[in-house]
Structure formats: structure tokens, C-alpha cells
Amino acid sequence: MPDHAYSSDPAVQAKLDRLWHLSPGADVLGLDRITRLLARLGDPHRALPPVFHVAGTNGKGSTFAPRWKRRGSAFMFTPARTSSASTSAFASPAG
Numbered sequence: 526m527p528d529h530a531y532s533s534d535p536a537v538q539a540k541l542d543r544l545w546h547l548s549p550g551a552d553v554l555g556l557d558r559i560t561r562l563l564a565r566l567g568d569p570h571r572a573l574p575p576v577f578h579v580a581g582t583n584g585k586g587s588t589f590a591p592r593w594k595r596r597g598s599a600f601m602f603t604p605a606r607t608s609s610a611s612t613s614a615f616a617s618p619a620g
């Protein structure tokens, strides 16, 4: 195997070999594969309500924290709230 993953347990090695054969062999950039997968599943994401997912290490609080929780206006939360949209926010581990 190119990544040198090896196990002395034959069952584990069989799984490692199977995973290696499923790999495209190189980094494949773009959304083509996930788009095809979602289509095969019936595009379940289209039935979900609109969601903003804010990820990263810094800046989540100023991006979506409600006005009453932090000083100033939050970039995404306040405009959505003032437009009468249904809004909520969850931050982990703290927000």
C-alpha cells in the first residue's frame, strides 16, 4: 500500500486493502463526487431549512452571536432576526 498501512491481522489488512482500492488515488478537488452521491440519495439536503454553518477557531461570536449577548451587531444574526426570519444560534464549547 502506498501509505504503508499494514496490519499483521489478516482481517484488518483485508479492510485496509479494500479502503485503498476505493480511494481515487490522489486528491480530487471539487464537489463533483459529493454532488453525485447526494443525487443518488435523492438530494436529501434540499428538504432541510436554510442553515448558515460558521466554523473555525476565531470570529464565530462576532459573526452570529445575538445582539443581547454581545456588544454591537452580529454580522449574520441581527439582519436575519430583524427580517422576521426564524433564527437560533448554538456555539460549542462556548459562545
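All residue numbers for the sequence shown refer to the working numbering, where the first residue is 526 and numbers rise by one. Even for Gly, the Cβ is constructed at its ideal location relative to N, Cα and C.
What is the DSSP secondary structure of residue i, reduced to helix, strand or coil?
i, result
"residue 579", "coil"
"residue 612", "coil"
"residue 537", "helix"
"residue 564", "helix"
"residue 554", "coil"
"residue 544", "helix"
Short of 8 Å in beta carbon distance, which residues of its chain neighbour residue i, apart from the five on each side in sequence? Order them along the chain.
i, result
"residue 530", "541 and 545"
"residue 625", "Given that the chain is displayed from residue 526 to residue 620, the structure contains no residue 625 and the question cannot be resolved."
"residue 538", "531 and 532"
Drop a sphere of 10 angstroms on the beta-carbon of residue i, count the other beta-carbons inside from all chains shown, and report buried for 16 or more, exposed for fewer.
i, result
"residue 526", "For residue 526, the predicted structure reports a pLDDT of 41, less than 50, and the residue's modelled location is therefore unreliable. The matter cannot be settled from this model."
Residues in the same chain with beta-carbon distance under 6 Å from residue i, minus the five sequence neighbours each way, listed in chain order, please.
i, result
"residue 572", "none"
Excluding the 5 residues flanking residue i on each side, which residues of the same chain have their C-beta closer than 7 Å to its C-beta?
i, result
"residue 583", "none"
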